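S.K.: Dumping the structure here so I can ask a few things about it.
There are 2 protein chains.
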Amino acid sequence: MRLAELSERSGVSTATIKYYLREGLLTPGRQINATTAEYDEEHLRRLRLVRAMIQVGRVPVATVREVLRHVDDDSLGRTIRLGAALWALPQVPEPDEEDEHIRAAHREVDQLLETLGWSNARALVTISPAYRSLVVAIATFRRLGYDWDPELNLAYARLMHQAAVLDLDFVETHPSEAEKVETAVAGAIFVEPMLQALHRLAQEEESARRYGFE
Amino acid sequence: MRLAELSERSGVSTATIKYYLREGLLTPGRQINATTAEYDEEHLRRLRLVRAMIQVGRVPVATVREVLRHVDDDSLGRTIRLGAALWALPQVPEPDEEDEHIRAAHREVDQLLETLGWSNARALVTISPAYRSLVVAIATFRRLGYDWDPELNLAYARLMHQAAVLDLDFVETHPSEAEKVETAVAGAIFVEPMLQALHRLAQEEESARRYGFE
DNA sequence: ACCCTTGGGAAGTGCCACTATCCAAGCATC
DNA sequence: GATGCTTGGATAGTGGCACTTCCCAAGGGT
Numbered sequence: 000m001r002l003a004e005l006s007e008r009s010g011v012s013t014a015t016i017k018y019y020l021r022e023g024l025l026t027p028g029r030q031i032n033a034t035t036a037e038y039d040e041e042h043l044r045r046l047r048l049v050r051a052m053i054q055v056g057r058v059p060v061a062t063v064r065e066v067l068r069h070v071d072d073d074s075l076g077r078t079i080r081l082g083a084a085l086w087a088l089p090q091v092p093e094p095d096e097e098d099e100h101i102r103a104a105h106r107e108v109d110q111l112l113e114t115l116g117w118s119n120a121r122a123l124v125t126i127s128p129a130y131r132s133l134v135v136a137i138a139t140f141r142r143l144g145y146d147w148d149p150e151l152n153l154a155y156a157r158l159m160h161q162a163a164v165l166d167l168d169f170v171e172t173h174p175s176e177a178e179k180v181e182t183a184v185a186g187a188i189f190v191e192p193m194l195q196a197l198h199r200l201a202q203e204e205e206s207a208r209r210y211g212f213e
Numbered sequence: 000m001r002l003a004e005l006s007e008r009s010g011v012s013t014a015t016i017k018y019y020l021r022e023g024l025l026t027p028g029r030q031i032n033a034t035t036a037e038y039d040e041e042h043l044r045r046l047r048l049v050r051a052m053i054q055v056g057r058v059p060v061a062t063v064r065e066v067l068r069h070v071d072d073d074s075l076g077r078t079i080r081l082g083a084a085l086w087a088l089p090q091v092p093e094p095d096e097e098d099e100h101i102r103a104a105h106r107e108v109d110q111l112l113e114t115l116g117w118s119n120a121r122a123l124v125t126i127s128p129a130y131r132s133l134v135v136a137i138a139t140f141r142r143l144g145y146d147w148d149p150e151l152n153l154a155y156a157r158l159m160h161q162a163a164v165l166d167l168d169f170v171e172t173h174p175s176e177a178e179k180v181e182t183a184v185a186g187a188i189f190v191e192p193m194l195q196a197l198h199r200l201a202q203e204e205e206s207a208r209r210y211g212f213e
């Protein structure tokens, strides 16, 4: 198919597709002659993934490029590849390691991982952005003066571990290795907004149950 | 305290504070004379909340204003107030109701709420942005061709309901009514990045457990 | 009286995700 | 084979957002 058809079938304007091509989010089509290029179903699939990452996952364009680079990198093992792709995802600003709240949050998270027995995660601690995000989130909460029981973190962590098990079980059902990594990334990216939406819905539901609409 | 001190204690530049004042994210200080205004601890607390919403919660400035407007609106009941505040939070673009994937997702979510027995959430269906976000997330996943068992949604929803119960239990521990709403909002906003970070950490952990670092 | 500080407002900055315009090279039709 | 529409690639421009810089008049300390 040509650019115009790719645009039609994806619902993305040709101008935007050209932009994505320029930014390296899509591989160029097969050049037929100086003015025509041919795209296939794979391009369409990739384009939809990109669009979804940007619009639903709110992933910046530069980050999408990084994530895809890792997804397509056959030289990496699965965990590393998934990790690499996830690590490229949007991050909170670099925490100020001098800050007392940050240091306390570090200790708190380390303790949490210890209690959970997440030894693998602990091994990745120094480099995982997820770890950093968690530290920043906890430090922020503490800085605002909320007195948050570490038990609560533990409970949340156990819930999210259950979610992760569901995620990976789902990925297991997918046959090819390449597809597995893509599915894992898609899962990581799209399950998050879903969990968020479910979380808010559940809050509304539970709040209404407890307090009615008073 | 004066603007300079407010800036110092919050770590936010005076220029930015002035910007927030202009945007209505902070109430003006008590004017002492033409060149001096006095701010109090409440301003500091509010400023930290605003900063955290913007930096950690990635909430747009205009949205922060909306959320705070609801938090401060004493005329509303708690559920409505919390709901109103949460409804102002970042939303996915309006779904195209004509689209087949969207319509299917609607049916899927309705079925899900039915099965869960979330009758309150069902009552809010037509207006809740969380519901809309969920529909868009599911439709996107389906459009990408993932064959996702509705059972899985159910499992995720139950997990998030447990999280919501934890959230509200935590809110219960806070004394004043006004503080409860603020805590609920803070919880909704800050628990989300935390859950997200925990989710990614858990994925890394679980992936490493299953596949090692192959 | 002098000068530094203060708060307020207007205008500017940098980044980002597009989007509009231009252009030369096809292809289609007459 | 001339004409005119379409195509893909390149370049520059747009609009929104979160600040940030600049300027100013009015205080207040010494």
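Going down the list, the protein sequences come from chains Z and F. Numbering follows numbering that gives the first Met the number 0, with no gaps: position 39 of the first sequence is 38. Numbering follows numbering that gives the first Met the number 0, with no gaps: position 67 of the second sequence is 66. Cβ atoms here follow ideal geometry from the backbone N, Cα and C, with glycine treated the same way. This structure is a prediction, so every number in the text was calculated from the model and none was measured.
Suppose contacts are defined by Cβ-Cβ distances below 9 Å. Is PHE169/Z in contact with VAL55/Z by that definition?
M.R.: Within the first sequence, the letter at position 170 stands for residue 169/Z. Within the first sequence, the letter at position 56 stands for residue 55/Z. Not closer than 9 Å, so no.
S.K.: Just list the residues that DSSP pairs GLN54/Z with in beta bridges.
M.R.: To locate residue 54/Z, count along the first sequence from 1; it is residue 55. None; GLN54/Z has no bridge partner.
S.K.: Taking only the alpha-carbon atoms, compute the straight-line gap between PRO59/Z and ASP39/F and give it to the nearest angstrom.
M.R.: Stepping through the first sequence from its first residue, residue 59/Z is reached at position 60. Stepping through the second sequence from its first residue, residue 39/F is reached at position 40. Their backbone Cα atoms lie some 38 Å apart in a straight line.
S.K.: Where do the N-terminal and C-terminal ends of the alpha helix (DSSP H) with GLU37/F fall, by residue?
M.R.: Translated into the one-based positions of the second sequence, residue 37/F becomes position 38. Unbroken run through GLU37/F is the beta strand (DSSP E), 35-37; no alpha helix (DSSP H).
S.K.: Taking a cut of 7 Å between CB atoms, which residues from the region 150-174 of chain F lie near chain Z?
M.R.: If the cut-off is 7 Å between Cβ atoms, the region 150-174 of chain F has LEU151, ALA154, TYR155, ALA156, LEU158, MET159, HIS160, GLN161, ALA162, ALA163, VAL164, LEU165, ASP166, LEU167, PHE169 near chain Z.
S.K.: DSSP three-state label for ARG1/F, please.
M.R.: Start at 1 with the first residue of the second sequence, and residue 1/F comes out as number 2. Three-state DSSP puts ARG1/F in coil, outside helix and strand.
S.K.: For ILE137/Z, is the classification buried or exposed, using 16 other Cβ atoms within 10 angstroms of its Cβ as the cut-off for buried?
M.R.: Against the first sequence, residue 137/Z aligns to sequence position 138. Flag for ILE137/Z reads buried.
S.K.: Hey, HIS100/F and LEU197/Z: beta-carbon distance below 9 Å or not?
M.R.: For the purposes of this step, residue 100/F is identified with residue 101 of the second sequence, where counting begins at 1. For the purposes of this step, residue 197/Z is identified with residue 198 of the first sequence, where counting begins at 1. Their beta carbons are not under 9 Å apart, which means HIS100/F does not touch LEU197/Z by this criterion.
S.K.: Taking the alpha-carbon of VAL164/F as reference, which of SER127/Z, LEU25/Z, SER206/Z, LEU165/Z has the nearest alpha-carbon?
M.R.: What you label residue 164/F is simply residue 165 of the second sequence in a count that begins at 1. Comparing Cα-Cα distances from VAL164/F to each of SER127/Z, LEU25/Z, SER206/Z, LEU165/Z, the minimum goes to SER206/Z.
S.K.: Identify the contact partners of PRO192/Z in chain F, using a Cβ-Cβ distance below 9 Å as the criterion.
M.R.: Stepping through the first sequence from its first residue, residue 192/Z is reached at position 193. Result: VAL91, SER132, LEU133, VAL135, ALA136, THR139.
S.K.: Do the region 34-50 of chain F and the region 125-135 of chain Z touch if we need at least three Cβ pairs shorter than 8 Å?
M.R.: No, because fewer than three Cβ pairs between the region 34-50 of chain F and the region 125-135 of chain Z fall closer than 8 Å, the two stretches do not touch.
S.K.: Restricting to Cα atoms, I'd like to know which of TRP117/F, LEU133/F, LEU200/F is closest to LEU158/Z.
M.R.: Locating residue 158/Z in the first sequence gives position 159, counting from the first residue. Selected option, being the one with the closest Cα: LEU200/F.
S.K.: With a cut-off of 9 Å, does the C-beta of LEU25/Z fall near any C-beta of chain F?
M.R.: One-based indexing of the first sequence puts residue 25/Z at position 26. Chain F, which has no Cβ nearer than 9 Å to the Cβ of LEU25/Z, makes this no.
S.K.: Check whether the region 14-26 of chain Z touches the region 102-115 of chain F, counting contact only when three or more Cβ pairs, one atom from each stretch, lie closer than 8 Å.
M.R.: Output reads no: the region 102-115 of chain F does not touch the region 14-26 of chain Z.
S.K.: LEU5/Z touches chain F at which residues, Cβ-Cβ below 8 Å?
M.R.: Translated into positions along the first sequence, residue 5/Z becomes position 6. Within chain F, no residue comes near LEU5/Z; the closest Cβ sits about 15 Å away, beyond 8 Å.
S.K.: Taking only the alpha-carbon atoms, compute the straight-line gap between ASN152/Z and LEU112/Z and give it to the nearest angstrom.
M.R.: Here residue 152/Z is taken as the residue at index 153 of the first sequence, counted from 1. Here residue 112/Z is taken as the residue at index 113 of the first sequence, counted from 1. Roughly 10 Å separates the two Cα atoms.
S.K.: In terms of residue numbering, what span does the alpha helix (DSSP H) encompassing PRO94/Z cover?
M.R.: Position 95 of the first sequence, counted from the first residue, corresponds to residue 94/Z. Unbroken run through PRO94/Z: none, as it is neither H nor E.
S.K.: Give me the Cα-Cα distance between ARG214/Z and VAL180/F, rounded to the nearest whole angstrom.
M.R.: Only positions 0 to 213 of chain Z appear in the structure, and residue 214/Z is not among them; the question remains open.
S.K.: Which same chain residues end up closer than 6 Å to ARG57/Z when comparing Cβ atoms and leaving out the 5 residues on each side of it in sequence?
M.R.: Walking along the first sequence from the start, residue 57/Z turns up at place 58. Excluding sequence neighbours, ARG57/Z sits near nothing in its chain.
S.K.: Taking the CB atoms as reference points, tell me whether LEU194/F and GLN195/Z lie closer together than 9 Å.
M.R.: By one-based count along the second sequence, residue 194/F stands at place 195. By one-based count along the first sequence, residue 195/Z stands at place 196. Yes.
S.K.: Any beta carbon of chain F sitting closer than 9 Å to that of ARG57/Z?
M.R.: Within the first sequence, the letter at position 58 stands for residue 57/Z. ARG57/Z counts as touching chain F.
S.K.: Taking C-beta pairs closer than 7 Å, name the residues in chain F that ALA103/Z reaches, listed in chain order.
M.R.: Here residue 103/Z corresponds to residue number 104 of the first sequence, with the count starting at 1. Result: empty, since nearest Cβ-Cβ is about 15 Å, beyond 7 Å.
S.K.: Going along chain Z, which residues have a C-beta under 8 Å from ALA185/F?
M.R.: Here the question's residue 185/F lines up with position 186 in the second sequence. Those are PHE140, LEU143, TYR145, listed as they occur along chain Z.
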